[in-house]
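Chemist: Pasting in a structure now, in structure tokens, and then I'll have a few things to ask.
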Amino acid sequence: MIDLLLAVFSTTFLFTVIRTTTPLLLATLGGLLSDLGGALNVALEGMMLIAALTAVIVSVYAPWYVAVLSGLFAGALLGALMALFHLRFKADIILVGFAVNILAVGGTVFALAMATGGDKGTSINLPSKAIPAIHLPFLEAIPLVGPVLFQLFSGHSTLTWFAGFAVFGVWYVLYRTPYGLWLRGVGEYPTAPEAAGIPVNKVRLWSLIGSGAFAGLAGAQLAMFNYVGFTRDMTAGRGFIALGAVLLGARHPVGALLAALLFGFFEALAIVMPNHVRWMPGEMIQTIPFVVTVIALILFSYRSRRASQLKTLTRI
Amino acid sequence: MTASASRPDRFKVFRAELGRALVALAMALAVAFLIILGTSADPWQAFSTLVTSPLSSNRTIGLWVDDVAKLTLTGIAFSLVFQARQFALGVQGQVYLGGLCATLVAMSPIGTTFAAIPLAIIAAMIAGAAYGFIPGYAKARFGASEIVSSLMLNYIAILVVNYMVRAHLAPPNTGQLMTARFPETAVFPAIIPGTRFDLGIVIALVTVAIVWFALYRTAWGLKLRLVGHNPRFAEYAGIKANFIMVSAMTAAGAVGGLLGAVFVQGRAFGQLAIDFDGNLAFEGILVAIVARNRPLAVPFVALAYGYLRQGAQLMGFRSDVPSEMIAVVQALVILLVASSFTLPGRRFIARLLGRGEADPSTAAGGSR
Amino acid sequence: MPPLLQAESITRIYPGGTVANDGVSLSVGAGEIHAVVGENGAGKSTLMKILFGLEQPDAGQLRLEGKPIAFANPREAIDAGIGMVFQHFSLVPSFTVYENVALGSEPRSGIRFDREKAIAQVRALSDQFKLRVDPLARVSNLPVGQQQRVEILKALYRDARILILDEPTAVLAPQEVEELFVAIRALVAQGRTVIFIAHKLPEVLAISDRITVMRAGRTVGEVATSEVTEKELATLMVGREVSLGVERSQSDGGRACEIDTVSIQSEAGVSLATDLSLNVYAGEVVGLVGVEGNGQAELLEAVAGLRSVTSGEIRLKGENIVPLGVLDRRGRGVASIPEDRLAEGLAPGATVAENLVATRLGDPRFVRRGVLDLKAIRANAIALIDRFSIRVGGPAFAVGTLSGGNMQKVVVARELAEQPELLLVNQPTRGVDLGATQFIWASITRARDAGAAVLLSSADLSELLALSDRLVVFYRGRIVAAFINSGDLSAETLGAFMLGLETQDETTMKAALR
């Protein structure tokens, strides 16, 4: 147990946390965009999965950044598809989302088998590429904290840095530009932006496209950095955990970051625990992220319910 | 499907719904055909396997009927929560937990007695109900989204069951990922000897009847549907919406647990294996959506969908097209049925009936 | 010079076949305050939606300064200089005033929303037109009157030359109406034009220059305000001499309901109503007067059992019903017609028969040992459909397929299916047409004459004055005045108490509280 504690407080562990958080954070930001626009995107999981496979297959033939972009576009396209059925054909957004998830679970296996010539499990025999890590050797030169900083921050995926900046970027767009104002207005009370002449459905369309794009990046990170190559069902519920993080993140990018870090921490814990805690079976360790999500959801929902009650206090 | 007999447009509504489902199916099959055409060396053979193979032998018919029973049960479980307008998606977890509890009973000394089947079923239903209750209570008491919590519980249940099988229930030192076969007293008897046509289909049909009765003939069912139509109104009318919501999820959980028992005790398995549901439990979403959450429509949808599912699996074995191709058909059917695309003449019919200003969205029958 | 804005022979037929506008014409001169009056359902709102591009006419022409023009959507109308303030505000509650005002036309620097500039602009406009409101305040924290100012600022911010106000006074207390009129006069003085929709004639006569009268989808006249009397206008509007007046109750029954020092708190512990005491007698209507949000609606909810009471007792025929749930209270004769009948009073996807028994699922006539008696439910529906002349194909039709008026009737039919001991009514005629108003008023008085005690809350003072036998004024969660409704009680008197400008002495209040 002491062993585990030491491991948790090591820089290598925190490095792992950052790595496991990255896809969760990207997906959570995606979920945040559609949630603020008034649509709960339950398809994050499916979008990630499809984007992961797309990125892997494209990376066989094209440079890594093209592959990442193709993952982004795959997600965005699925977002547009959801918007089409939800906004144009009035289908319930949750059912549409699950159609995407079902398509993803089977469709990726089908496409994988097609691409590999029959392998339904992994893309192991495809020479797919990875996203390059960003090495920061100069950090080591800093006296005292240098080595720690180096171990923590050097060697992360390009997309990790992007995700970090995206938190700020999403915040800026949401709270400092007109588009963010429109998006939040559409999600909270669509009658108001509609009366102000804002094309409400267009805003919703773009929020779903943006949501898909972020989920697509999350998928690319998963299959081109966290793991290199595609495995069937490799998202393993991360999209749904991200959905939990959206609900947990208080509808704010910084909240999304904190929630993603929380779940990333427990995912990292599930990764290192088998080396330190031998008495606990692997399957039980794997349940940790899911258990934590349920508990966090319950605790936080309770808190936010209290908070909204307190808010009415100031109203009267 | 209300009780009152004289519903002038009832048949037409039914026909319109059937038409929608068939059009959706036809479109999805057309897309499936195009995909097969694009990926298969022998597309005709693959497609004809998809469409005809379930009827090719007694064995395949048995497989199909077995799937129909299971799809009916999961479809019923989803219909129950969807009618209350709860997006609890925990059937898969309930199936695993129900299957586990049924297994524990079947492998205990009780398993060799005549009480094995009823007790295992009851244990499975209690486990499933408890597992369905958790997200319901978490929502009613804390406001936690039932979508996320029920999905998380699915993952947890699958991992727990897989662990139990691997570490405790499989015969030791064999490396097998399944239990030994249950004693014959704990396995459903075959209704037609030598086939998989077992007690499962009977259980499924009885469940349909019970759930239909509960939804349309009892006060609880009416309350549940009123909560689903308009929770604010339900509160105003003195219906305890939270209680109804939790009880709907718990009842659906019992059905999910029952399905777990049907899985492990059916003749197809007669044992507990890891990842045993083959994702079938989740496909109840599709069955429920296409059936518009009407219990009496569920077996028919399960019949059609089970056929397609079986055809796809056989196509996966017998041709070069992977069975997972069917996912495209599934997704398309959901998208099309959930959309408000209309068959020509529907509005015209509505006008003939003199409904006046029928709002198209509500005139659809308040499907969910 | 042609008039600023003209509508020529506008016709609008809704998909269901309702003719909302039938050859309507309107001509508004620059710089005038032009009132459009008519009963509910006369077609005023449809005409305004067409002027603002929310709906397109099936026939007819709009002209702006003589030139033909058509608006495909509100954006085009806004760009042409038309602004509209709806009766139901379109404001995002969590946004600040300046965010709401600028929404859709934000000043930018680069891709950034230039918030400083927006705040300055809102401040300047609010000074210029005497529309006092803090640009940084959150809209959800503002009272209704100020929210309305935000709506007007929104239109002015978009350089509206023509401002359409849809029943702006419906939500205001009389004194707030006066402030609004000051602002409207300031607008016109600075060259803007105002179209003012209303159905309360004294207000129209007080503020407008010219008046267009609509009735049943047509324009029936255009007059200068100075040349017309209230009586003439009323006749034009209704087409016949009407009195929506209601006979006062004759019966004087016993004390049906006692509300005894009831206090109500929100779930978070905020006081919503304090020490409310009042009695309602069988066969009388007690009107709850007050600006919305002063505790009237909360009291009705508490009596219905939808909201818990922190202290005090509510006694029905001497029995304290506070510990009872909604169903038990209903079983003891409490009926309730909610404000938003379609959103709160019906399950649109369920059948008419199911909606008609939804509140009586504990009644052994319809449910025995948990099982529904479908025959009885159906018979109940057929009887009520007949008694309340609900137009529907049969009891098995979904309520959502009925027309709005018939949906209202389903709610009223269910609540009055059996003679209630105590009837709670909130905003009975908000947003309904004249026919439905008459129907609901008649239903209330019929229940009263049969011995029901009625608690009525309404934002419409004329409605309260017409229906109530006694009136109780709420201010900040307390009862501040009570009146016996005699002929000389005026809306202005009530208004002064509603806004807390006047206080009543204890003995007068006690006397009126009986």
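As they're listed, the protein sequences go chains A, B and C. Per the working numbering, residue -19 is the first one in the first sequence, and the count goes up by one each step. Per the working numbering, residue 791 is the first one in the second sequence, and the count goes up by one each step. Per the working numbering, residue 605 is the first one in the third sequence, and the count goes up by one each step. Even for Gly, the Cβ is constructed at its ideal location relative to N, Cα and C. These numbers were taken from a predicted model, which means no experiment stands behind them.
#1: I'd like to check one pair, A:A19 with A:I(-18): are the Cβ atoms closer than 9 Å?
#2: Rounded to the nearest angstrom, what separates B:T1008 and B:G883 at their Cα positions?
#3: Please return the same chain residues whose Cβ sits closer than 7 Å to the Cβ of B:L1093, not counting the five positions on each side in sequence.
#4: Using a Cβ cut-off of 7 Å, pull out every chain B residue sitting near C:A951, in sequence order please.
#5: Which residue comes first and which comes last in the alpha helix (DSSP H) that contains A:F130?
#6: Using 8 Å for Cβ pairs, my map puts B:I993 next to B:V1052. What's the rounded Cβ distance?
#7: Got a sec? Which residues, its chain only, sit under 6 Å from C:Y1079 by beta carbon, not counting five neighbours each side?
#8: Per DSSP, which one or two residues make a beta bridge with C:P672?
#9: Going by other Cβ atoms of all chains shown within 10 Å of its Cβ, with 16 needed for buried, is C:L651 buried or exposed?
#10: Tell me whether C:G627 sits in a helix, a strand or coil according to DSSP, three-state version.
#11: So the alpha helix (DSSP H) A:I30 belongs to, where does it begin and stop?
#12: Which runs of the alpha helix (DSSP H) at least 4 residues long sit entirely within the stretch 1081 to 1111 of chain B? Give them in chain order.
#13: Spatial neighbours of C:F1001 within its chain, please: CB distance less than 8 Å, with the 5 preceding and 5 following residues excluded, ordered by chain position.
#14: Which term fits C:R995, buried or exposed, when burial requires 16 or more other beta carbons within 10 angstroms of its beta carbon?
#15: Taking only beta-carbon atoms, is A:L(-16) less than 9 Å away from chain B?
#16: Less than 6 Å between C-beta atoms, sequence neighbours within five positions excluded: which residues of the same chain meet that for C:F693?
#17: Throw me the rounded Cβ distance for the B:A896 and B:A976 pair, which I believe falls under 8 Å.
#18: Just checking, does the stretch 205 to 225 of chain A make contact with the stretch 29 to 39 of chain A on the three C-beta pairs under 8 Å criterion?
#19: What residue range does the beta strand (DSSP E) around C:I768 cover?
#20: So, is C:E905 buried or exposed, given that buried needs 16 or more other C-beta atoms within 10 angstroms?
#21: Under a CB-based cut-off of 9 Å, is B:N1032 close to chain A?
#22: Any idea if A:A248 is buried or exposed, counting beta-carbon neighbours within 10 angstroms, 16 or more meaning buried?
#23: Would you say A:A172 faces chain C, with C-beta separation under 9 Å as the test?
#24: Assuming B:P908 contacts B:Y1097 (C-beta within less than 8 Å), just tell me the rounded distance between them.
#25: Going by DSSP, which residues form a beta bridge with C:I799?
#26: Are the beta-carbon atoms belonging to A:R231 and A:L67 less than 9 Å from one another?
#27: When you compare only the Cα positions, how much space is there between A:V271 and B:L941?
#28: Whose Cβ in chain C lies nearer than 9 Å to the Cβ of A:R156?
#29: Any C-beta of chain C sitting closer than 9 Å to the C-beta of A:R305?
#30: For C:G891, which of helix, strand or coil comes out of DSSP?
#31: Using a C-beta cutoff of 9 Å, does B:Y953 count as contacting chain A?
#32: For C:D1053, which of helix, strand or coil comes out of DSSP?
#33: With H, G and I counted as helix, E and B as strand and the rest as coil, what does DSSP make of C:V824?
#34: In angstroms, rounded to a whole number, what distance separates the CA positions of B:R1137 and C:R822?
#35: Considering only their Cβ atoms, is the gap separating C:V890 from C:L1075 smaller than 9 Å?
#36: Output yes if chain B places a C-beta closer than 9 Å to the C-beta of A:Y169; else output no.
Modeler: According to the structure shown:
#1: For A:I(-18) and A:A19, no; Cβs fall outside 9 Å.
#2: 28 Å
#3: V858
#4: L1016, H1019, N1020, F1023
#5: If you look at A:F130, you'll find it in the alpha helix (DSSP H) that goes 126 to 133.
#6: 6 Å
#7: N898, G1104
#8: C:R667
#9: buried
#10: When secondary structure is reduced to three states using DSSP, C:G627 falls in the strand class.
#11: 24 to 41
#12: 1088 to 1108
#13: T955, V956
#14: C:R995 is classed as exposed because its beta carbon has fewer than 16 other beta carbons within 10 Å across all chains shown.
#15: no
#16: Q751, E755
#17: Confirmed, about 4 Å.
#18: yes
#19: Where C:I768 is concerned, the enclosing beta strand (DSSP E) stretches over 766 to 770.
#20: buried
#21: no
#22: Taking all protein chains in view, the Cβ of A:A248 is crowded by 16 or more other Cβ atoms within 10 Å, so the residue is classified as buried.
#23: yes
#24: 31 Å between Cβ atoms; not a contact.
#25: Bridge pairing for C:I799: C:H638, C:I768 [DSSP].
#26: no
#27: Between the alpha carbons of A:V271 and B:L941 lies a gap of roughly 11 Å.
#28: Within chain C, the residues near A:R156 are I715, R716, F717, R719.
#29: Residue 305 of chain A lies beyond the stretch modelled for chain A, which goes from -19 to 296, so this question has no answer here.
#30: strand
#31: Yes, B:Y953 lies at the interface with chain A (some Cβ there is under 9 Å from its Cβ).
#32: helix
#33: Note: C:V824 maps to strand in three-state DSSP.
#34: In this predicted model, B:R1137 has a pLDDT of only 48, less than 50, meaning its place in the structure is not dependable; the value taken from the coordinates is given anyway. Distance between the alpha carbons of B:R1137 and C:R822: 29 Å.
#35: Contact: yes.
#36: Answer no: the Cβ-Cβ gap between A:Y169 and chain B never drops below 9 Å.
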